[in-house]
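Residue numbers (the UniProt record's numbering): 1 to 239.
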């Protein structure tokens with residue numbers, strides 16, 4: 001289902017979805033409630049959108065925005081939390097960086113992940129935000145999307161435009177199969193009916209499951225490919 005060519009996928013993941021259900025909330029969704037207050041006309045190099053359970057958003061924001069501001073300072077990435085959608089169990093965290101930022105000062109973090117050096121500031125922030133969501137999920141539990149095989153399993157869920165997701169699949173699903181084999185993670189491109197209300201009409205939902213270290217490694221490899229194969233259109237980050 002999630003490993004073949006787009007034209008052969010039975011889940012109809014690339015099926016056009018009614019725009020009225022998604023796009024009428026686009027302005028609210030992309031106008032962030034927790035902005036870093038800065039805008040720039042510089043070209044955006046990399047954009048990631050990771051989903052965070054509504055009940056766990058505090059682990060990313062912190063009291064008075066303390067944690068998210070520290071993440072911005074530490075990674076130099078732009079991080080914005082989109083407004084909550086009524087009835088939605090998750091919120092979108094938009095992370096991006098500019099093409100002229102380079103990777104100076106970007107670190108791989110803990111020694112356990114010393115070989116996972118981020119390619120850009122946005123990837124650095126993505127991995128750190130995922131760490132916080134995963135840690136909170138282990139401690140307090142999270143939104144249950146499907147039964148996990150072990151008690152310490154976590155999920156990372158990212159939204160990817162359908163014209164960019166091909167870099168994760170490959171011809172005949174070769175790339176996604178390689179990613180699964182090399183990382184040990186369960187990586188799925190979920191059917192369109194599993195898209196959350198906070199997604200857009202051209203989004204695909206990539207879900208990564210496994211132990212925290214396995215999920216982090218898979219997220220690193222996936223986000224590296226997305227960085228190397230940037231989206232074909234600019235995401236509207238602020239209206």
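Ideal placement from N, C-alpha and C gives every residue a C-beta, glycine not left out.
Exercise. If I'm right that residue 219 touches residue 125 with Cβ under 8 angstroms, what's the distance once you round it to whole angstroms?
Key: Here residue 219 refers to the residue found at position 219 when the chain shown is read from its first residue. Here residue 125 refers to the residue found at position 125 when the chain shown is read from its first residue. At roughly 12 angstroms, the Cβ-Cβ gap does not stay under 8 angstroms, so residue 219 and residue 125 are not in contact.
Which word fits residue 70, buried or exposed, when buried means at least 16 other C-beta atoms lie within 10 angstroms of its C-beta?
-> If you number the chain shown from 1, residue 70 lands on position 70. With fewer than 16 Cβ atoms within 10 Å of its Cβ, residue 70 is classed as exposed.
- Query: With a cut-off of 8 angstroms, do at least 3 Cβ pairs link the segment 210 to 226 to the segment 178 to 195?
  - Reply: yes
Report yes or no: do three or more beta-carbon pairs, one from the segment 84 to 99 and one from the segment 164 to 176, lie closer than 8 angstroms?
no
Checklist entry - Do residue 195 and residue 206 have their CB atoms nearer than 7 angstroms? => result As a first step, residue 195 must be located in the chain shown, where it is residue number 195. As a first step, residue 206 must be located in the chain shown, where it is residue number 206. It is not a contact, given that the beta carbons lie outside the stated cut-off.
- Query: Under a three-way DSSP split, which group does residue 73 fall into?
  - Reply: Along the chain shown, read from residue 1 onward, the residue named residue 73 stands at position 73. Reduced to three states, the DSSP call for residue 73 is helix.
State the start and end residues of the unbroken alpha helix (DSSP H) segment that holds residue 225.
-> The residue labelled residue 225 in the question sits at position 225 within the chain shown. Counting along the chain, the alpha helix (DSSP H) containing residue 225 begins and ends at 212 to 228.
Taking 6 angstroms as the limit between beta carbons, can you name the residues of its chain near residue 75, skipping five residues before and five after? On the chain shown, position 75 is the one that residue 75 refers to. Taken in chain order, the residues that qualify are 121, 124, 125.
Task: Exposed unless 16 or more other CB atoms sit within 10 angstroms - verdict on residue 58 - done: By one-based count along the chain shown, residue 58 stands at place 58. The residue in question, residue 58, is exposed, as its Cβ has fewer than 16 Cβ neighbours within 10 Å.
Between 49, 63, 67, which has its C-alpha nearest residue 132's C-alpha? By one-based count along the chain shown, residue 132 stands at place 132. It is 67 whose Cα lies nearest to the Cα of residue 132.
Buried or exposed: where does residue 229 fall if 16 or more other Cβ atoms within 10 Å of its Cβ makes it buried?
In the chain shown, the residue the question calls residue 229 occupies position 229. With fewer than 16 other Cβ atoms within 10 Å, it is exposed.
| query | Of the residues 49, 79, 44, which one's Cα is nearest the Cα of residue 61? | reply | Within the chain shown, the letter at position 61 stands for residue 61. Selected option, being the one with the closest Cα: 79.
According to DSSP, is residue 203 helix, strand or coil? As a working mapping, residue 203 is identified with position 203 in the chain shown. It is a strand residue.
query = To the nearest angstrom, how far is it from the Cα of residue 193 to the Cα of residue 158?
reply = As a working note, residue 193 is residue 193 in the chain shown. As a working note, residue 158 is residue 158 in the chain shown. Using only the alpha carbons, I get a separation of about 15 angstroms.
Residues near residue 216 by beta carbon distance below 6 angstroms, same chain, minus five either side: Looking up residue 216 in the chain shown gives position 216. No residues qualify anywhere along the chain.
According to DSSP, residue 155 sits in a beta bridge with which residue or residues? Position 155 of the chain shown holds residue 155. Note: residue 155 sits in a beta bridge opposite 209.
| query | Taking DSSP as the reference, what is the three-state secondary structure of residue 167? | reply | Along the chain shown, read from residue 1 onward, the residue named residue 167 stands at position 167. Residue state, collapsed to three classes: helix.
Practice task
Round the Cβ separation of residue 153 and residue 209 to the nearest angstrom and send it over; I've been treating them as touching at under 8 angstroms.
Solution key: Along the chain shown, one-based indexing puts residue 153 at 153. Along the chain shown, one-based indexing puts residue 209 at 209. With a Cβ gap of about 6 angstroms, residue 153 and residue 209 count as contacting.
- Item | Cβ separation of residue 328 and residue 129, assumed to be a contact under 8 angstroms, to the nearest whole Å | Absent from the model: residue 328. The displayed extent of the chain is 1 to 239, so no value can be given.
### Query
Got a sec: is the Cβ-Cβ distance from residue 120 to anything in chain B below 7 angstroms?
Any reference to chain B falls outside this structure, which holds one protein chain only.
For this session: Using three-state DSSP, classify residue 45 as helix, strand or coil.
Result: Against the chain shown, residue 45 aligns to sequence position 45. Note: residue 45 maps to strand in three-state DSSP.
Go ahead and pull the three-state DSSP assignment for residue 231. Within the chain shown, residue 231 is the residue found at index 231, counting from 1. Coil at residue 231, not helix or strand.
Quick check: the Cα distance between residue 173 and residue 184, rounded to an integer number of angstroms?
The residue labelled residue 173 in the question sits at position 173 within the chain shown. The residue labelled residue 184 in the question sits at position 184 within the chain shown. Their Cα atoms are separated by approximately 16 angstroms.
Based on the DSSP secondary-structure assignment, which residues constitute the bridge partners of residue 191?
Locating residue 191 in the chain shown gives position 191, counting from the first residue. DSSP output for residue 191 lists no bridge partner at all.
query = Using DSSP with H/G/I as helix, E/B as strand and the rest coil, what is residue 129?
reply = What you label residue 129 is simply residue 129 of the chain shown in a count that begins at 1. DSSP places residue 129 in helix when its eight states are reduced to three.
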